[in-house]
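Quick note: the sequence shown uses this note's numbering, first residue 68, plus one each step.
First comes the structure, then the notes that go with it.
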Amino acid sequence: MNHLADLPGPDVRARLETERNVWLSTVRPDGSTHVTPVWFVYADAKWWIGADHRSVKVRNVQAEPRVSLALEDGRFPVVAEGDVSLIHDGFPTEVVTAFKEKYEWDLTSPARPGDRSVLLEVRVRRWLLAGTAQ
């Protein structure tokens, strides 16, 4: 798995490895935005986000797969715009392992009976770093 090779600068790479939350912005059916902090892993030039299959973010990306992601520190912005694919089963082993290592969270184990996890795979279309679109 090639971690972070596509990004400029060691500071961005370090932040994607260590920061715990990213703000995920999705589009609701009425066109308004839904913004929520989520846990993430960045690997193989993609953002990976685990979610319950019934969540608002999952319903939103099923209808409109374009999203924006922003790390929490607004002084040194790291923002990505991308497109989501939903993975319902057969999660990549490397991603499951990365979530366990980063958060001590087993992405494959539902939090409540009847829940089912899905994985949002976000392919980046554009990076916005420190005010510069790339």
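For glycine and all other residues, C-beta sits at the position ideal for the given N, C-alpha and C.
Reduced DSSP secondary structure (H/G/I, E/B, other) of residue i
i: Arg-95; result: coil
i: Leu-83; result: helix
i: Leu-71; result: Per-residue confidence for Leu-71 stands at a pLDDT of 48, beneath the threshold of 50, marking its modelled position as unreliable; the derived number appears in the next sentence. The answer is coil: DSSP assigns Leu-71 none of H, G, I, E or B.
i: Pro-77; result: helix
i: Leu-196; result: strand
i: Gln-201; result: Because the pLDDT at Gln-201 is just 47, under 50, the model does not fix this residue reliably, and the point stays unresolved.
i: Ala-178; result: coil
Closest by C-alpha distance to residue i, when choosing among the options
i: Lys-124; options: Ala-197, Arg-192, Val-191, Ser-184; result: Ser-184
i: Trp-90; options: Asp-119, Ser-135, Arg-121; result: Ser-135
i: Thr-131; options: Arg-82, Leu-186, Arg-95; result: The sequence shown places Glu at residue 131, not Thr. Closest option to Glu-131, Cα to Cα, is Arg-95.
Rounded straight-line distance, which links the Cα of residue j to that of residue i
i: Glu-171; j: Tyr-109; result: 16 Å
i: Gly-157; j: Trp-115; result: 14 Å
i: Thr-160; j: Val-105; result: 20 Å
i: Val-163; j: Phe-143; result: 29 Å
i: Asn-88; j: Gly-149; result: 17 Å
i: Glu-86; j: Glu-168; result: 13 Å
i: Leu-71; j: Ala-112; result: Annotation note: pLDDT 48 at Leu-71 (below 50); position unreliable, no value reported.
i: Thr-175; j: Arg-190; result: 22 Å
Bounding residues of the alpha helix (DSSP H) (the contiguous stretch that carries residue i)
i: Thr-160; result: 160 to 170
Endpoints, beta strand (DSSP E) assigned at residue i
i: Ala-130; result: Element bounds for Ala-130: not the beta strand (DSSP E) but the alpha helix (DSSP H), 123 to 130.
i: Ala-118; result: 113 to 119
i: Gly-149; result: 145 to 154
Residue i classed as buried or exposed, judged by whether at least 16 other C-beta atoms fall within 10 angstroms
i: Asn-127; result: buried
i: Thr-93; result: buried
i: Leu-83; result: buried
i: Ala-197; result: exposed
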